[in-house]
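Under full-length UniProt numbering, think of the first position of the sequence shown as 1, with each following residue one higher. Every residue gets a Cβ at the ideal spot worked out from N, C-alpha and C, and that includes glycine.
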Amino acid sequence: RQSHEAFFRRMLGTVEEPTAPYGLMDVQGDGSAIAQAQRAVEPALARRLRDGAKQLGVSAASVFHLAYAQLLARVVGREDVVFGTVLFGRMQAGADAQRVPGLFINTLPLRVELQGRSVREGVQHTHEQLTQLVRHEHAPLALAQRCSQVAAPAPLFSALLNYRHSPQPQQPDQQLQDQQQQAWQGVEFLGGEERTNYPFTLAVDDWGDGFGLTAQVQSPPVQPELICACMHTALEQIVQALERAPETVLQQLDVLPQAQRTRLLALGAGVQREARGGWAHEWIEAQARRRPEAIAVVQHGRQLSYAQLNEQANRLAHQLREHGVGPDARVALCMPRGVQLVVGLLAILKAGGAYVPVDPGYPAQRLQAMCRDSAPVVVLSASSLPAQVDAGVPVLDLDADAWRWALQPASNPRVALHGQQLAYVIYTSGSTGTPKAAQVLHAGLRNLMDWYLEDLPLGEDDAVLLVTSHSFDLTQKNILGPLMVGATLHLASEPFDPAAIVAQVQAQGISVLNMAPSAFHALVDARHGNELAGLRRVVLGGEPIQVAKLMQLPEPRPQFVNSYGPTECSDVVAYHCLSPRLQDYEGRTVPLGEPIRNTRLYVLDAHGRLAPQGVAGELCIAGTGVGRGYLNRPELTEERFVPDPYAPGQRMYRTGDLARYLEDGTLEFLGRNDFQVKIRGMRVELGEIEACLRKHEGVREAVVIARDEGDAGKRLVAYLVGDNLQPQALREHAAQALPQHMVPAAYVVLDALPLNPNGKLDRKALPAPGDAAQVTRSYEAPLGEVETELARIWAEVLQLDRVGRHDHFFELGGHSLLAVTVIERMREQGLDADVAALFTTPTL
């Protein structure tokens with residue numbers, strides 16, 4: 001036993017999290033959800049595989065174990081994997097073991113570390129691991145798991161490889177069948193089945209010359225045919241590398257068959273279409289010629305016709321030209337939402353320049369930094385630039401200085417532009433705390449507008465309400481789009497007032513809105529009846545949509561569109577028009593949908609390879625919308641804007657967002673990769689927990705964060721908005737779908753989630769959880785000295801005010817590491833206990 005324990009501690013002592021392909025963690029299943037597929041290894045490949053193994057002095061089984069490790073690495077997203085392997089059990093059982101009838105087989109973990117190894121080294125490493133493991137083939141699996149850092153009840157692994165020597169399948173032989181039938185006379189055969197408790201199993205049949213593969217996996221989410229195909233590809237790649245370049249690094253090999261790669265690329269490829277002629281401002285000029293008296297912009301009773309808007313913008317544009325504004329010249333636009341903002345933005349485009357939206361509500365220090373970083377040729381303001389901000393360049397006040405360009409020509413300026421010149425520059429928050437400026441090109445802006453106006457048709461009869469800051473990326477298409485097609489652009493007052501916006505929607509006949517989901521949810525809450533009935537379309541973007549909130553609107557509802565895209569890629573790159581049957585989305589995430597025209601979406605792993613279907617990866621964007629990069633940030637630009645591996649000579653943008661393609665080809669958003677946290681050594685995607693909580697019937701909105709509790713470590717806290725929400729029910733709901741380490745420890749119910757000025761979630765404003773956020777039973781005071789002392793220890797460790805005698809340690813936020821702390825505190829007080837006792841009796 002000591003020898004077994006020492007071996008497994010060496011092998012598994014640093015393993016902190018389970019190897020669970022596709023997130024499958026249930027290793028106690030009954031096999032009812034298991035699907036099976038079989039495939040024979042091609043004979044030529046089988047011969048080459050045996051030859052390669054022989055030359056290295058290893059078994060064919062070692063090559064198959066390495067290939068399986070390669071496959072698992074791709075679907076779990078790391079290069080250090082553990083899986084179960086079935087051992088014969090007779091190798092170490094003595095000389096006469098072959099004569100003893102009975103079942104000797106045992107399942108034990110095998111750890112394969114791929115990082116940095118060549119193919120030759122990988123085969124040799126796997127062979128050595130297997131050789132050592134066989135010497136301990138009688139060790140209990142429970143002992144092996146205890147030697148790792150993965151605490152029960154989580155399994156150490158949920159994937160299994162069964163390499164077995166089997167007779168070659170043969171065609172039915174009548175004489176043989178007759179003999180077998182005679183041998184079984186008098187015996188009634190009632191039936192039989194072969195199944196596994198593990199949700200992800202691959203059996204390899206070694207027939208002496210060829211090999212057969214049998215995949216048994218939980219479906220959905222896994223397709224057994226794909227697993228067989230991936231395993232076959234992994235074998236091909238390893239054998240080919242051993243023959244041609246054995247020093248090839250394992251990470252350079254792929255496991256995806258060509259057909260799967262082709263499918264994934266096709267799923268992410270938007271329709272290729274020629275761009276419509278003309279730039280955005282030229283389309284607006286055409287509307288001014290066609291319908292000069294039509295109303296273009298309205299705010300608080302002030303309005304401009306298309307002719308007036310075009311003339312005022314033209315005069316200002318000529319003035320800007322005299323200040324040196326032209327292609328790629330930047331002009332800061334520091335104005336509140338208003339008619340003059342629209343005039344200024346249009347004038348900058350007409351002059352050939354790129355506008356830099358700057359919110360005058362920002363602190364003066366931030367405004368100063370943005371002006372210094374963007375180095376504008378001129379600043380357009382409207383008595384809104386704080387006096388303490390020294391722009392260092394001319395400032396044109398569109399309220400006070402309009403007389404200066406009143407005599408400029410009213411004609412449309414003629415400035416030659418091409419698609420690779422700047423249209424606008426928008427500052428976004430940076431992880432370092434310093435804003436970064438994303439540069440959007442005219443080609444990207446035109447492609448965005450072509451999609452917005454054609455694929456989501458907008459017409460001259462529409463009334464569009466602008467409710468977002470002009471420094472927000474989704475605002476740009478909502479200023480330009482209505483004006484390009486002759487619609488009327490209405491401007492909402494600042495600051496954001498849901499009740500006032502609802503009233504404006506009803507009073508002014510607004511037909512189209514585009515805003516963040518959180519902001520629209522506030523409108524739904526602010527209405528008293530059917531005030532939003534006039535809306536024809538609502539485009540939402542920037543956050544997950546809470547379908548339950550949309551369903552509160554009476555039918556007929558507007559068309560809802562989920563839009564997705566980063567500022568760096570000209571705003572929207574993918575969209576999904578929701579079905580009118582909103583109930584179809586209950587219990588699942590609204591998909592990102594399909595790529596817009598001339599756009600390519602890739603889901604890639606950490607090595608830039610296409611992630612298998614169903615596996616999370618980083619969403620990367622290529623195509624016309626990809627911008628120039630970050631202004632004055634060459635290192636960051638080089639990091640995020642990288643060569644497109646599937647289109648030589650082009651670039652793609654790494655979003656930092658996580659996504660995956662589901663079995664039906666739907667692209668699912670999983671959150672940010674920088675919201676990935678580790679809980680007790682195991683990686684946790686907060687977006688996955690949020691998606692689970694949103695499936696609870698009473699939850700409308702859900703956010704999960706990891707709070708650092710000092711000595712208690714990080715714990716997951718859920719913030720929820722909904723009806724009749726109780727921590728106990730929420731925890732039970734989460735525990736039904738998530739492994740224990742992903743179940744939040746606290747549940748804070750709020751009237752509304754805090755929002756920042758742009759209408760997005762403000763995570764920093766989420767409150768610390770109080771005792772009411774914990775899962776507690778009906779309180780009954782501890783009885784006797786021992787229970788009182790235990791309650792005191794639990795309260796200290798769990799950072800609670802009190803603990804009742806029926807409260808459940810793990811429901812209060814306890815976990816395996818805190819359990820160890822409790823036991824240590826108990827022993828300090830002379831109380832005898834062990835961790836196992838706390839797991840079996842987790843109440844006082």
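If one requires a minimum length of 3 residues, the beta strand (DSSP E) runs lying completely within the segment 335-410 are 354-358, 378-381, 395-397, in chain order. CA-CA distance, Ala745 to His490, rounds to 46 Å.
Secondary-structure assignment with DSSP links Asp657 through a beta bridge to Arg672. Burial is judged here by how many other beta carbons sit within 10 angstroms of a residue's own beta carbon; Val187 has fewer than 16 and is exposed. Linking Asp473 to Leu610 through their CA atoms gives a straight-line distance of about 29 Å. Straight-line spacing of the CA atoms in Thr843 and Gly804 works out to 9 Å.
Assignment of beta-bridge partners to Lys714 by DSSP yields Asp708.
Under the DSSP assignment, Met449 falls in the alpha helix (DSSP H) whose first and last residues are 442-454.
In terms of CA proximity to Leu720, Cys692 leads the group Gln650, Arg244, Cys692. Taking 8 Å as the cut-off, the beta carbon of Gly84 is found no closer than this to the beta carbon of Leu12. The Cβ-Cβ distance between Val467 and Ile426 does not fall below 8 Å. The Cβ neighbour count for Ile105, taken over all protein chains shown within 10 Å, is under 16; the residue is labelled exposed. Counting only the Cα atoms, Phe211 lies some 16 Å from Lys54. 8 Å or more divides the Cβ of Gln552 from the Cβ of Val255. Using a Cβ-Cβ distance cut-off of 8 Å, the segment 448-467 and the segment 252-267 are not in contact, since fewer than three pairs of beta carbons, one from each stretch, lie closer than that value. The segment 533-553 and the segment 320-336 do not touch, with fewer than three beta-carbon pairs separated by less than 8 Å. For Cys620, the enclosing beta strand (DSSP E) covers residues 617-623. If you look at Met484, you'll find it in the alpha helix (DSSP H) that goes 475-485. The beta carbon of Ser158 is closer than 8 Å to those of Pro18, Thr19, Ala20, Pro21, Leu24, Met25, Asp26, Val27, Tyr198, Pro199, Phe200 in its chain, skipping five residues each way along the sequence. For Ala266, the three-state secondary structure derived from DSSP is helix.
Residue range 34-40 is occupied by the beta strand (DSSP E) that includes Gln36. Comparing C-alpha distances from Glu688 to each of Glu697, Gly698, Asn673 shows the shortest one belongs to Asn673. Annotation: the segment 752-836 contains the following complete segments of the alpha helix (DSSP H) (minimum length 4 residues), in chain order: 784-798, 816-828. Following the DSSP letters along the chain, one finds Val119 inside the alpha helix (DSSP H) bounded by residues 119-134. Cβ-Cβ separation between Ala706 and Val677: approximately 4 Å, consistent with a contact (criterion under 8 Å). Residue range 641-643 is occupied by the beta strand (DSSP E) that includes Pro643.
For the pair Val217 and Gly208, the Cα-to-Cα distance works out to about 26 Å. Excluding five sequence positions before and after Glu243, the CB atoms of its chain that fall closer than 8 Å to its own CB belong to Arg48, Gly52, given in chain order. In the three-state DSSP reduction, Lys436 falls in the strand class (E or B).
Taking every protein chain shown into account, the CB of Gln365 has fewer than 16 other CB atoms within 10 angstroms, so this residue is exposed. Ranked by Cα distance from Phe7, the options Gln145, Thr196, Glu789, Val590 are led by Gln145. In the DSSP assignment, Glu113 falls within the unbroken beta strand (DSSP E) covering 106-113. A residue is called buried once 16 or more other Cβ atoms fall within 10 Å of its Cβ, and Asn162 is buried on that count. Counting only the Cα atoms, Arg263 lies some 12 Å from Leu226. The bridge partners DSSP lists for His165 are Asp206. If the five residues before and after Ala139 are omitted, its C-beta is found closer than 6 Å to the C-beta atoms of His4, all from its own chain and listed in chain order.
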